[in-house]
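Undergrad:
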Amino acid sequence: MKPKLRITPWTLVRRLTVPLAELAAAAGAVAATIHVPSDGSDGVLTITTNIVAPNITVTGTNIVIDLGMAVDGAWNDDNSAQSGLGVYDFEKWAVVFKYSSVSIAAGTRVTFRNHPSKAPVVWLVDGDVTINGILDLSGANGVAAPGHAEPGPGGFRGGRGYYAPGVGAGSGFGPGGGRTEGGWWGSGGSYGAQASGTPPAYGNPSLVPLIGGSGAGGDGDEGWGGGAGGGAILIAAAGSVTVDGRVDANGGNRPAQNPGGGSGGGIRIVTGDLAGNGMIRALGGIGQGNGTVGRIQIERLSASGNPTVIPDPGIVPLVEPATALIWPPDDGPTVRVVSIGGGAVPADPRADFGVSGPDVALPETASTQVVVETVNVESASQVQVRVTPRGNANFTTADAAVETVVSDTPLVIRWVATLPVTVGYSAVQVKVVRP
0 MKPKLRITPW
10 TLVRRLTVPL
20 AELAAAAGAV
30 AATIHVPSDG
40 SDGVLTITTN
50 IVAPNITVTG
60 TNIVIDLGMA
70 VDGAWNDDNS
80 AQSGLGVYDF
90 EKWAVVFKYS
100 SVSIAAGTRV
110 TFRNHPSKAP
120 VVWLVDGDVT
130 INGILDLSGA
140 NGVAAPGHAE
150 PGPGGFRGGR
160 GYYAPGVGAG
170 SGFGPGGGRT
180 EGGWWGSGGS
190 YGAQASGTPP
200 AYGNPSLVPL
210 IGGSGAGGDG
220 DEGWGGGAGG
230 GAILIAAAGS
240 VTVDGRVDAN
250 GGNRPAQNPG
260 GGSGGGIRIV
270 TGDLAGNGMI
280 RALGGIGQGN
290 GTVGRIQIER
300 LSASGNPTVI
310 PDPGIVPLVE
320 PATALIWPPD
330 DGPTVRVVSI
340 GGGAVPADPR
350 ADFGVSGPDV
360 ALPETASTQV
370 VVETVNVESA
380 SQVQVRVTPR
390 GNANFTTADA
400 AVETVVSDTP
410 LVIRWVATLP
420 VTVGYSAVQV
430 KVVRP
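Residues in the sequence shown are numbered consecutively from 0, following numbering that gives the first Met the number 0.
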């Protein structure tokens, strides 16, 4: 059986925070609004138990938005012809909705069915957002082997539990995915902090780029997988964001026995005014090894409300006129996996583990070379490649070395790392830490 490698969307980690918004003093400004690049072509989203839409399923008070129905295209395309479905932009790795306003009624709970890419959610709203119910991007609790717990959009799956001889437990997925430990328990996922025995915290406090939490390690002898990582969402509203209900991006818990808990995800809110007295949470999941909290960032002109936010968020006071920064700057640093074992990686890799075939198939081998390309990343940076098998082994990492400088302006560098690979499916990720 050949090794099969799945390439998960890139993760870029910086020690320096990306600039958060364009700020300028505004003499005589009155309206507490910011500029958000939304044409409103996805219309008004009004969540009640009576809502009818092609991408929404209602079961009692539970409302599920299917991200897989998003239209492929550029995030700023006019979506009027497919209004309400959103746009999946693979270059941004995001499912983007451009609403004129959003309202979630009390007593309802909104969740998401993942896009095949498992991309995070971006809401660009030309008006106000009102959340009186629950907006939930949490990762799923661990599941019985041989399954993997599903993350919230933008997060990463939980590790598999022991299933049968030759179908053993594995690590959680994502940059902070936890290990399967000692043959009987799983460590928690890391994100905003480091969990015991797992990789360090990752991502930017600014949540630019947007990314969710990591999965936990599976139970090595009882057959239960680790909790999945919480998802990630950007809510950018030109008017107000009122939270009298709850916004959750929590890590998944262990269901039983000894797997770990997934890490919390990412919530970023950019708004003219933050109102309401509800809750905004990115908690780690409970497990034999607990997951860590995620990241929350709030950027606002004013705060007329006082919601409870856990963990403590980054707070950025804005000054009118302010323009919401949605994406990393065009001249910002980027990283991608170019090839594995000589096989080219597709532009929009998936992590299906057999559903649609591998991104790269290798002949049976003990190790392979991974070629990584960075843009506007200094040669003194740490470029780390992680391979996470579907099961039977823990993840491994290796630091890549500079192979060649392709160009100086912009600075493009090719890096090479050699890692062991096992028979079956594995996920490959690359992380950059700049000096």
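We put the CB at the ideal spot given by N, CA and C, even for glycine.
Can you tell me which of R349, A399 and A416 puts its alpha carbon nearest to the alpha carbon of S116?
TA: R349
Undergrad: What residue from I297, S378, V336 and G160 has the CA that sits closest to A400's CA?
TA: The option with the nearest alpha carbon to A400 is S378.
Undergrad: Based on the DSSP output, what are the partners of E435 in its beta bridges?
TA: Absent from the structure is residue 435, since the part of the chain shown begins at 0 and ends at 434.
Undergrad: Would you mind reading off the limits of the beta strand (DSSP E) that contains I55?
TA: I55 to T58
Undergrad: Taking just the CA atoms, how far does A148 sit from G353?
TA: 16 Å
Undergrad: Spatial neighbours of A28 within its chain, please: C-beta separation below 6 Å, excluding the five flanking residues on both sides.
TA: For A28, the pLDDT reaches just 35, beneath the cut-off of 50, and the residue's location in the model is therefore unreliable, although a value from the coordinates is still provided. E319, listed in sequence order.
Undergrad: Between the segment 83-90 and the segment 56-70, do three or more beta carbon pairs fall short of 8 Å?
TA: yes
Undergrad: Cα separation between A163 and S195?
TA: 27 Å
Undergrad: Considering just the uninterrupted stretch of the beta strand (DSSP E) at M278, what are its terminal residues?
TA: Annotation: the continuous beta strand (DSSP E) that includes M278 extends over M278 to R280.
Undergrad: Using only the alpha-carbon positions, how far apart do W326 and F89 sit?
TA: Straight-line measurement puts the Cα of F89 at about 13 Å from the Cα of W326.
Undergrad: Along the chain, where does the beta strand (DSSP E) that runs through Q193 open and close?
TA: Careful: Q193 lies outside any beta strand (DSSP E) and carries neither H nor E.
Undergrad: Please return the same chain residues whose Cβ sits closer than 6 Å to the Cβ of S99, not counting the five positions on each side in sequence.
TA: G39, V43, D125 and G126
Undergrad: Can you tell which of D41, R413, G106 and S303 has its C-alpha closest to the C-alpha of N276?
TA: S303
Undergrad: Consult DSSP for E21 and reduce its assignment to one of helix, strand or coil.
TA: Legend: pLDDT at E21 = 31, less than 50; position of this residue unreliable, value from coordinates given subsequently. When secondary structure is reduced to three states using DSSP, E21 falls in the strand class.
Undergrad: At the level of alpha carbons, what is the spacing between A200 and G141?
TA: G141 has its alpha-carbon roughly 22 Å from the corresponding atom of A200.
Undergrad: Can at least three beta-carbon pairs, one atom from the segment 250-268 and one from the segment 177-197, be found at a separation below 8 Å?
TA: Cβ pair count under 8 Å is three or more, so yes.
Undergrad: When DSSP labels each residue in this structure, what does A236 get in the three-state scheme?
TA: Strand at A236.
Undergrad: Grouping DSSP H, G and I as helix and E and B as strand, with all else coil, what is Q381?
TA: strand
Undergrad: Quick one: grab the DSSP three-state call for Q81.
TA: Reduced to three states, the DSSP call for Q81 is helix.
Undergrad: What do you get for A105, buried or exposed, if any count of 16 or more other CB atoms within 10 angstroms of its CB means buried?
TA: exposed
Undergrad: So the beta strand (DSSP E) V86 belongs to, where does it begin and stop?
TA: V86 -> beta strand (DSSP E) spans V86 to D88.
Undergrad: Residues in its own chain within less than 7 Å of A52 by CB, not counting five upstream and five downstream?
TA: G83
Undergrad: Does the Cβ-Cβ distance between V429 and Q381 come in under 8 Å?
TA: no
Undergrad: What are the boundary residues of the beta strand (DSSP E) that includes F96?
TA: A93 to Y98
Undergrad: If you compare alpha carbons, which of E363, T396, I234 and G175 is closest to V292?
TA: G175
Undergrad: Is it true that the segment 152-169 meets the segment 216-223, where meeting means three or more beta-carbon pairs spaced less than 8 Å apart?
TA: yes
Undergrad: Spell out a yes or no on whether the segment 296-311 and the segment 262-271 are touching, meaning 3 or more CB-CB pairs, one atom from each, closer than 8 Å.
TA: yes
Undergrad: CB-CB under 6 Å to A118, same chain, minus the five flanking residues each way: which ones, in chain order?
TA: For A118, same chain residues with a beta-carbon under 6 Å away, outside a window of 5 residues either side, are W92, A93 and V94 in chain order.
Undergrad: Report all residues from its chain with a CB closer than 8 Å to the CB of A25; omit the five preceding and five following residues, and keep chain order.
TA: Here A25 scores only 29 on pLDDT, less than 50, and its place in the model should not be relied on; the value that follows carries that caveat. Cβ within range, chain order: V318, E319 and P320.
Undergrad: Check the DSSP bridge columns for F111 and list the partner residues they point to.
TA: According to the DSSP secondary-structure assignment, F111 is paired through a beta bridge with I64.
Undergrad: Near D76, what residues of its chain come up, given a Cβ to Cβ distance below 7 Å and the 5 sequence neighbours on each side ignored?
TA: V86
Undergrad: Using a Cβ-Cβ cut-off of 7 Å (strictly less than) and excluding sequence neighbours within five positions of N305, which residues of its own chain qualify?
TA: N276
Undergrad: DSSP on R413, reduced to helix/strand/coil?
TA: Collapsing the DSSP output to three states places R413 in a strand.
Undergrad: Out of curiosity, what's the CA-to-CA distance linking G216 and G264?
TA: 17 Å
Undergrad: Taking the alpha carbon of M278 as the point to measure from, which residue in D347, D243 and L206 has its own alpha carbon closest?
TA: It is D243.
Undergrad: Which word fits A248, buried or exposed, when buried means at least 16 other C-beta atoms lie within 10 angstroms of its C-beta?
TA: buried
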